[in-house]
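Line by line, the protein sequences give chains A and B. Going by full-length UniProt numbering, 337 is the number at position 337 of the first sequence; the sequence numbering is gapless. Going by full-length UniProt numbering, 94 is the number at position 94 of the second sequence; the sequence numbering is gapless. We put the CB at the ideal spot given by N, CA and C, even for glycine. As the structure is a prediction and not an experimental result, all values here were calculated from the model. All remarks here apply to the structure that follows.
Number of protein chains: 2
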Amino acid sequence: MTTDALLPETRVLAIASHVVHGYVGNKMASCVLQAMGCDVSAINTVHYSNHTAYKQVKGTKTTSSELEQLYEGLRQSHLTNFDVLLTGYVPSAEGVRAVGKIGRDIKFNAGTKPGSFFWVLDPVMGDNGKLYIPEDEVPEYKSLLREADLILPNQFEAETLSETPIHDLDSLATAIQVLHTTYRVPHVIITSLRLTADNQIPSSRPVTQPHTPATESADPLSSSTLLLNKPTADVPENKEAVENLTIIGSTATSDFKPRLFRIDTPALPLFFSGTGDMFAALTVPRLIEAVAQAPSEQNLSSTPSWRSPDDVGAADLPLARAAQKVLASMQSILAKTAETCRVKMDEYDARVARGGGEQLENNRHLALMNASEVVVPRHVSDLLNPPDVERFRPKAVRAQTSAIHRESDE
Amino acid sequence: MTTDALLPETRVLAIASHVVHGYVGNKMASCVLQAMGCDVSAINTVHYSNHTAYKQVKGTKTTSSELEQLYEGLRQSHLTNFDVLLTGYVPSAEGVRAVGKIGRDIKFNAGTKPGSFFWVLDPVMGDNGKLYIPEDEVPEYKSLLREADLILPNQFEAETLSETPIHDLDSLATAIQVLHTTYRVPHVIITSLRLTADNQIPSSRPVTQPHTPATESADPLSSSTLLLNKPTADVPENKEAVENLTIIGSTATSDFKPRLFRIDTPALPLFFSGTGDMFAALTVPRLIEAVAQAPSEQNLSSTPSWRSPDDVGAADLPLARAAQKVLASMQSILAKTAETCRVKMDEYDARVARGGGEQLENNRHLALMNASEVVVPRHVSDLLNPPDVERFRPKAVRAQTSAIHRESDE
């Protein structure tokens, strides 16, 4: 029952950050993947006490040679036959090179069996117009993209990798086209886009927002921009707090044309760390599931990169169906977390008021960070059984040179 | 449903080893605790590619100052209000001292609320008459015991800590009495005892067994002796392979007299790594559950160390009830793992035979180690719903100076 039957045995190598407390990076990914029944091997790129949005952290980074040594340990004991590689935050250019070596080695060994290995690459580089990795890491990421089967950049990362400014759906389509053609990446999802009613996309350059510490949206441990919003625990509810966030994804056709779909999600009135990591991790089992459910004549799971035949429409792509379930699970879990957070912060404020003590802004920030941790083990049923799935139905997007139309398709 | 409702919110700090691949130490503990709904913070004492029973491993140890820094990171952000501390393998005397500081700090802060903090200490020191930690670590462990609420030594560790040789139930009772009185440890469980029909206990000194590599039973990363047996994948089935393994536990009375209970489990024909870690981790939520189910007039969860009133019999102790469910879950999961392992090794042998290649003993050993990993995420339902619980009913043990009687009690 439950997790035991959801998936065939699936071996995932996850390379990302470890935090002692809280849920970002590999801590988030391992927890999500294990809850979904996957056998996760975890190489941790940093060992930190907590994520950096707390604005204070202790711990160490893993050197690139330590990363390579850990993989060499697996290799010498014949433990590298992974089905999936999931890579996230890596703190240096040398580290990205080491991750590249690891990925290529697994891929090379799986080479004789098409579809037997799939690389999900989350190019954790920056957000809101700011890099939070060293400059020399960007070209390393660019040279990795060719190896990846699915990449999950946010808007800023997509702009950086494609060298295409995104300001509307049309330019977004162009950026995805570049990622498909230049880097031969078969699957792309761009997370946490803010589309206006007329399908304009505000710049990914930083916007000054009161009470939102800069580091919150520049978390160098995790991919954390999905469903990002300003904390209304601190800011009165306003119109912006109910806007939508959109993901746009695509699986390239055989001639690397995009097949674009979009899913709109209601934004939540709270900043969460680690949601990008959660999205990436949960996409792994849901994509495997969707690929297994594709019509049997497609032999999709034995097709390189699990790329659907050209006649499959955007909204019917396994990637779109996977993202639908992923977002349904996440919306439910994050809404519950937002509510728990509100209760905890009310208690915190009442406690401070009772104590008659002065409220220290830093203490309140720490309490808010802790209260907004997405405690995945408390929400496993929402992972396994995504509620309200229909609400997250993907819609095909038709991109043209000068205009974008949204198709409603069944 | 499932994990979401099992326990109240429970924050656990787990300090033990991390392995990239496989399930021992913190990898096992985190996975088990998260499956049971706990919020686990994990400080990793080593970062290894795999457990050491593979006989080859790459990676690094965490220094004691790194351990302290990680905790300091939690402390400065007010993240140390843990309900439970679970400590396992620590590779040095300085590391054990660091763990002691950490545990005392949490305990001090919880001091005003009796029962609000509980320390489960697995004194991972050695097995079968051999230490696998540095000699100078033993006195450090002895000085830690006073702080612990529950300790989980194997026979050799119990002998070492109590300085009492164990050869029958009577001497075992004496050893537990010493642990209760000398170190004021309220709860003790001694794992993986081999009792003969007349209640004799063979020496914990090493016994030469063909085909059982010495390192298998000297795994310095994990507590792994429970349900240990020789691998019959390599050894023909024999009488020994169906013997029982016994755990004996006790919760001290108010004057530190033992209340002894025993649970016998059928031994499985395979060596597993990490089962001691699994036992320790699973005991945490099951003990919390059993304490919550104690008669309300006991106020057990607000009693220091959750120690039951003196009129509670051994077999009715929450510790005994917890161990019963833990062993029921483990027996089912390990039996399934043993069966999966048998199938995988048959396939391995057939593959080698087909290839006409020579079977390399080391390769076979590596394959066996991998096939015998307890892949916890595939067995969550057995964790949540322990099957066949009645079979593991605890029995009170009455210890006298010269004779031990087993009581059958309801």
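Neighbouring residues, chain B, relative to residue i (Cβ below 7 angstroms)
i: GLU66(A); result: THR60
i: VAL375(A); result: ASP39
i: residue 412(A); result: Because chain A in this structure spans residues 1 to 410, residue 412(A) falls outside the shown range and cannot be described.
i: ASN370(A); result: LEU79
As assigned by DSSP and simplified to three states, the class of residue i
i: residue 414(B); result: Look at the range of chain B in this structure, 1 to 410, and you will see that residue 414(B) is not part of it.
i: PHE108(B); result: helix
i: ARG146(B); result: coil
i: PHE272(A); result: coil
i: HIS167(B); result: coil
i: ALA197(A); result: coil
i: ALA175(B); result: helix
i: VAL12(A); result: strand
i: VAL397(B); result: strand
i: TYR48(A); result: strand
i: LEU360(B); result: coil
i: VAL343(B); result: helix
i: PHE156(B); result: helix
i: PHE261(B); result: strand
i: LEU67(B); result: helix
i: HIS379(B); result: helix
i: ALA371(B); result: helix
i: TYR348(B); result: helix
With 16 other Cβ atoms within 10 Å as the buried cut-off, status of residue i
i: GLN359(B); result: exposed
i: HIS78(A); result: exposed
i: LYS325(B); result: buried
i: ASN299(A); result: exposed
i: THR62(B); result: buried
i: GLY37(A); result: buried
i: SER254(B); result: exposed
i: THR246(A); result: buried
i: GLY111(A); result: exposed
i: ASP316(A); result: buried
i: ASN81(A); result: exposed
i: THR275(B); result: buried
i: PHE108(A); result: exposed
i: ARG286(A); result: buried
i: GLU159(A); result: buried
i: LYS101(A); result: exposed
i: GLY249(A); result: buried
i: ALA16(B); result: buried
i: VAL397(B); result: buried
i: PRO304(A); result: exposed
i: VAL343(A); result: exposed
Contacts that residue i makes with chain A (C-beta to C-beta distance below 7 angstroms)
i: VAL57(B); result: GLY73
i: LEU366(B); result: SER77 and HIS78
Residue i: CB within 7 angstroms of a non-hydrogen atom of the ligand FAD
i: TRP119(A); result: Absent from the structure shown: the ligand FAD. Ligands present: none.
Contact set between residue i and chain A, taken where Cβ atoms lie within less than 9 angstroms
i: PRO20(B); result: Reading the sequence as shown, one finds Val at residue 20(B) and not Pro. What VAL20(B) touches in chain A: LEU13, SER41, ALA42, ILE43, ASN44, LEU70, TYR71, GLY73, LEU74 and LEU79.
Neighbouring residues, chain A, relative to residue i (Cβ below 8 angstroms)
i: ASN26(B); result: Within 8 angstroms Cβ-Cβ: nothing; ASN26(B) doesn't reach chain A, min ~10 angstroms.
i: GLN34(B); result: CYS31, GLN34, ALA35, VAL376 and PRO377
### Task
With 9 angstroms as the C-beta to C-beta threshold (strictly closer), list the residues of the stretch 37-54 of chain B near chain A in chain order.
GLY37, CYS38, ASP39, VAL40, SER41, ALA42, ILE43, ASN44, HIS47, TYR48, SER49, ASN50 and TYR54
### Message
When you compare the stretch 142-149 of chain A with the stretch 317-334 of chain A, are there three or more beta-carbon pairs, one atom per stretch, that lie closer than 8 angstroms?
### Response
no
### Query
Touch check for the stretch 299-315 of chain B and the stretch 361-371 of chain B: three-plus C-beta pairs under 8 angstroms?
no
### Task
Would you list, in chain order, the members of the stretch 72-92 of chain B that have their beta-carbon closer than 7 angstroms to a beta-carbon of chain A?
GLU72, GLY73, LEU74, GLN76, SER77, HIS78 and LEU79
### Message
For the stretch 328-341 of chain A, list every residue whose C-beta sits within 8 angstroms of some C-beta in chain B, in sequence order.
### Response
none
### Cβ contact check for the stretch 14-30 of chain B and the stretch 78-92 of chain B: 3 or more pairs under 8 angstroms
yes
### Task
Determine contact between the stretch 193-205 of chain B and the stretch 154-174 of chain B, defined as no fewer than three beta-carbon pairs at a distance below 8 angstroms.
yes
#### Entry: Any 3 or more C-beta pairs closer than 8 angstroms across the stretch 114-131 of chain B and the stretch 30-48 of chain B
no
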